[in-house]
Amino acid sequence: MAKLLIVDDEIDITEFAKSFFTKRDVDVFTASGGAEALTIIEKEKPDLVLLDIQMKEMSGIETLRTLRQSNNNVKVIMVTGAEEASIVAEANSLGIQKYIHKPLILEELEKIVMKELDSA
Numbered sequence: 078m079a080k081l082l083i084v085d086d087e088i089d090i091t092e093f094a095k096s097f098f099t100k101r102d103v104d105v106f107t108a109s110g111g112a113e114a115l116t117i118i119e120k121e122k123p124d125l126v127l128l129d130i131q132m133k134e135m136s137g138i139e140t141l142r143t144l145r146q147s148n149n150n151v152k153v154i155m156v157t158g159a160e161e162a163s164i165v166a167e168a169n170s171l172g173i174q175k176y177i178h179k180p181l182i183l184e185e186l187e188k189i190v191m192k193e194l195d196s197a
């Protein structure tokens with residue numbers, strides 16, 4: 078079974094997405110911040126991480142930077158409500174090629190996530 082980690086400090090988003098993907102036979106983990114996400118990634122080794130860029134304690138970019146510095150090349154899709162050129166440039170330099178925009182559109186989210194999990 079594919080493993081997905083959803084990282085967002087908006088609990089309603091993580092719980093909704095968890096329910097949605099669990100029904101599609103995906104093993105889903107959630108984290109409300111970057112530090113928690115890094116612990117789960119180390120322990121559970123997900124196939125894919127949905128990582129919100131804007132979080133209170135540790136941003137998605139900081140989380141991604143820490144992840145890459147530890148030589149972890151897990152697939153990551155960034156989730157964003159607003160794009161800033163400097164953030165996108167840094168994310169791209171850290172290997173990010175896919176972004177999902179808020180508000181989340183379920184059909185788009187499902188298509189992108191399931192395609193990435195199928196290729197994992």
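For what it's worth, the working numbering labels the leading residue of the sequence shown as 78, then goes sequentially. C-beta atoms are modelled at their ideal positions from N, C-alpha and C, and glycine is treated no differently.
Distance between beta carbons of residue j and residue i, contact taken as under 8 angstroms
i          : j           : result
leucine 82 : alanine 114 : 6 angstroms
Which listed residue (the options) has its alpha carbon closest to that of residue i
i          : options                       : result
lysine 133 : Lys122, Ile88, Lys152, Arg145 : Ile88
alanine 79 : Asp86, Thr99, Lys179          : Thr99
Length of the line joining the Cα atoms of residue i and residue j
i                : j           : result
phenylalanine 93 : proline 123 : 19 angstroms
isoleucine 27    : valine 103  : This structure does not reach residue 27, given that the chain is present from 78 up to 197, and the question cannot be answered.
leucine 125      : alanine 197 : 8 angstroms
C-beta atoms of residue i and residue j nearer than 8 angstroms
i                : j              : result
aspartate 129    : valine 165     : no
isoleucine 189   : glutamate 167  : no
phenylalanine 97 : leucine 183    : yes
leucine 186      : isoleucine 177 : yes
asparagine 199   : isoleucine 117 : Outside the modelled stretch of the chain, which goes from 78 to 197, sits residue 199, for which no answer is possible.
leucine 127      : leucine 171    : no
Helix, strand or coil at residue i according to DSSP, with G and I counted as helix
i             : result
aspartate 129 : strand
aspartate 104 : strand
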